[in-house]
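J.: When we follow our numbering, the leftmost residue of the sequence shown carries the number 81, and every step to the right adds one.
The C-beta atom is built at its ideal place from N, Cα and C for all residues, glycine as well.
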Amino acid sequence: MKKLRDIMRPDFLFSVKLDSRVADAVRLMAEKNIGIVAVLDGDRLAGVFSERDLLKRVVARGLDPARTPIAEAMTADIVAAGADEDYPTAMRKMDQRNIRHLPVVENGRVLSMVSIRDLMRAALDDAGAEIESLHAYLYQVPPGVSASGGA
Numbered sequence: 081m082k083k084l085r086d087i088m089r090p091d092f093l094f095s096v097k098l099d100s101r102v103a104d105a106v107r108l109m110a111e112k113n114i115g116i117v118a119v120l121d122g123d124r125l126a127g128v129f130s131e132r133d134l135l136k137r138v139v140a141r142g143l144d145p146a147r148t149p150i151a152e153a154m155t156a157d158i159v160a161a162g163a164d165e166d167y168p169t170a171m172r173k174m175d176q177r178n179i180r181h182l183p184v185v186e187n188g189r190v191l192s193m194v195s196i197r198d199l200m201r202a203a204l205d206d207a208g209a210e211i212e213s214l215h216a217y218l219y220q221v222p223p224g225v226s227a228s229g230g231a
């Protein structure tokens, strides 16, 4: 079973500093075409800021993104996973919390962010490999027997 370490993309980690403004995070998200950024206090994960946070905590309240500190709009109650966690466990965590991105953390340091799409790809790859294995098992031709059934 694949671990998050095998699935995560180290280059899929975009972050802003805890003293940033919402507008800084939104610019980065638009530039990189991403839906979430990590919010770092030094090298420690302080929170995450997503499109959902932007809508619920900034736009819906009529706040100015250029003036609003990211700390006031981010999700601080973080759900994270370890790099050696298997992907089905991570998928369950994400489903239970209704989130689409999961920070991957090791020794208190953020390594990457995995999306539900990344985990679905891993599940589909595993299912395809299992189907191929079952197909080979069911339709194997014993040695000495031709494919047409005769010896």
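Between L184 and A163, which are expected to be in contact by the criterion C-beta below 8 Å, what is the C-beta distance as a whole number of angstroms?
T.: Note on residue identity: the sequence assigns Val, not Leu, to residue 184. The Cβ separation is near 5 Å, so the contact holds.
J.: Which residues in the same chain as D104 place their Cβ atom closer than 6 Å to its Cβ, once the five residues preceding and following it in sequence are excluded?
T.: V96
J.: Count the other CB atoms within 10 Å of the CB of M81; is the residue buried (16 or more) or exposed (fewer)?
T.: Exposed.
J.: Is the stretch 117–131 touching the stretch 175–189, taking contact as three or more C-beta pairs under 8 Å?
T.: yes
J.: Reducing DSSP to helix, strand and coil, say where I250 ends up.
T.: Outside the shown range of the chain (81 to 231) lies residue 250, about which nothing can therefore be said.
J.: So, is M200 buried or exposed, given that buried needs 16 or more other C-beta atoms within 10 angstroms?
T.: exposed
J.: If you draw a straight line from the C-alpha of K136 to the C-alpha of D86, how long is it?
T.: 33 Å
J.: In three-state terms, what does DSSP make of P168?
T.: P168 falls in the helix class under three-state DSSP.
J.: Quick one, are the C-beta atoms of L125 and A118 less than 8 Å apart?
T.: yes
J.: Going by Cα to Cα distance, which pick from V102, E111, L93 is closest to D123?
T.: L93
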